[in-house]
Amino acid sequence: MEASACGLAVVAGDSGGVADAVRDGETGILVDPDDPAAVAAGIKGLLADDAARRRMGAAGRRAVETRYNWDRVAADLIRIDGEFRRGPPLGAR
2 MEASACGLAV VAGDSGGVAD AVRDGETGIL VDPDDPAAVA AGIKGLLADD
52 AARRRMGAAG RRAVETRYNW DRVAADLIRI DGEFRRGPPL GAR
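No gaps in the numbering here: position 47 of the sequence shown is 48 in this note's numbering, and each next residue is one more.
What follows is the structure in structure tokens.
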């Protein structure tokens, strides 16, 4: 996410929560983290395509500004806190 905040396209392993932060083909390239050839191909692809690299970098920056700004994070935390305080729905206990 730090690279995206700096306007840089990223090559990232498609595992864990990474796909939530990096949108394949939009803000970066997701690759199989266990496949060195796939990682290398992703890096080479971005290095070879200036326009795609710039487009993905700009999209990543916009995504960080939109989805991960302090106002949004605070609102999400307040919402989650409210859900926690209400407890599980009736019948789910």
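A virtual CB, placed ideally from N, CA and C, is assigned to each residue, including glycine.
Annotated as proximal: M57 and G29, with beta-carbon spacing under 8 Å. Under DSSP, A13 forms a beta bridge with L31. Contact check for G61 against V32 fails: the beta carbons are separated by 8 Å or more.
Contact check for L47 and A38: beta-carbon distance about 15 Å, past the 8 Å limit, so the pair fails to qualify. Taken atom to atom, the span from the alpha-carbon of G17 to that of R63 is near 22 Å. In the displayed model, D50 falls within coil according to three-state DSSP, outside both helix and strand. Counting other Cβ atoms within 10 Å of its Cβ, V11 reaches 16 or more and is therefore classed as buried. DSSP places D77 in the helix class (H, G or I) of the three-state scheme. The beta-bridge partner set that DSSP reports for D21 is empty.
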